[in-house]
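Heads up, the thing below is written out as structure tokens.
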Amino acid sequence: MALNINGTTGISGVDGSVSAPAVTGTDSNTGITFPSADTIKFATGGVERMSITNSGITGITAGITEADQWRITSNLAGSGAGAYITANWERNDNAGFEKIGTGMSESSGVFSFPETGKYMIMAKCDIYSSRNGYNYYQRLEIHTTQNNSSYTSQATGYGSHAVQYTRSEMSASFIFDVTDVSTHKVKFHQYTYHGDSLILGDSTNNVNNFTFLKIGTT
0 MALNINGTTG ISGVDGSVSA PAVTGTDSNT GITFPSADTI KFATGGVERM SITNSGITGI
60 TAGITEADQW RITSNLAGSG AGAYITANWE RNDNAGFEKI GTGMSESSGV FSFPETGKYM
120 IMAKCDIYSS RNGYNYYQRL EIHTTQNNSS YTSQATGYGS HAVQYTRSEM SASFIFDVTD
180 VSTHKVKFHQ YTYHGDSLIL GDSTNNVNNF TFLKIGTT
């Protein structure tokens, strides 16, 4: 097929293929091809490296496509036993905050992911104790499931109180490979030694925060 130059429609020619691109330099298997409607592909060495269609771009990393942050809005008192954090959750709604992408969804403390990928999960809580003369500790854990049923502790953070009216902090993080959004979930488990020990909550300030970043594809 000859190269066509048209003052109205521009320049056109063969569509080419990944192994024999339509537009090349001196390397015959490296260049640009137009294999179907609304599609441009780029190849090197006869191998497709990037594709642009009317649905978007594949073959390159588009940066962070999902980022979200949640918090607990009220204090959690200790009971001497561990428990999942199931209530008083909200997405950060401070002025200036904006999630990237769809964001996480939450139901009774169970967080679901918007799409597959590798996620960095980061949890941080400020803690407080009003009791004097005791050395109490508190614990924060990230629990994940890969079958939407059995949960496993993946990361643990501790904080302690040695004297009355002390504040401390506990944090944990975990990279979770989410290969199926229907089966891969996460929730957070806490242990506070005594009722005078609190995980601090706030609806206007991140005294605790739970951050989710998609850092790669699965």
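In numbering that gives the first Met the number 0, the protein residues as written are 0 to 217.
Yeah, the Cβ is synthetic: ideal placement off N, Cα and C, and Gly gets one too.
Asked                                                                                                                   : Found
Taking the Cβ atom as the reference point for each residue, do Thr217 and Gly55 lie within a distance shorter than 8 Å? : no
Among Thr43, Ser11 and Ser73, which residue has its Cα nearest to the Cα of Asn204?                                     : Ser73
According to DSSP, is Lys98 part of a helix, a strand, or is it coil?                                                   : coil
Quick check on DSSP: helix, strand or coil for Phe112?                                                                  : coil
Would you give the residue range spanned by the beta strand (DSSP E) that His160 belongs to?                            : Thr151 to His160
Report yes if the C-beta distance between Asp67 and Met103 is below 8 Å; otherwise report no.                           : yes
Does Glu140 pass the burial test, meaning 16 or more other C-beta atoms within 10 Å, or should it be called exposed?    : buried
Under a three-way DSSP split, which group does Asn207 fall into?                                                        : strand
Which of the three DSSP states, helix, strand or coil, is assigned to Phe33?                                            : coil
Tell me where the beta strand (DSSP E) around Tyr169 begins and ends.                                                   : Contrary to the premise, residue 169 reads as Met rather than Tyr in this sequence. Start and end: Thr165 to Val177.
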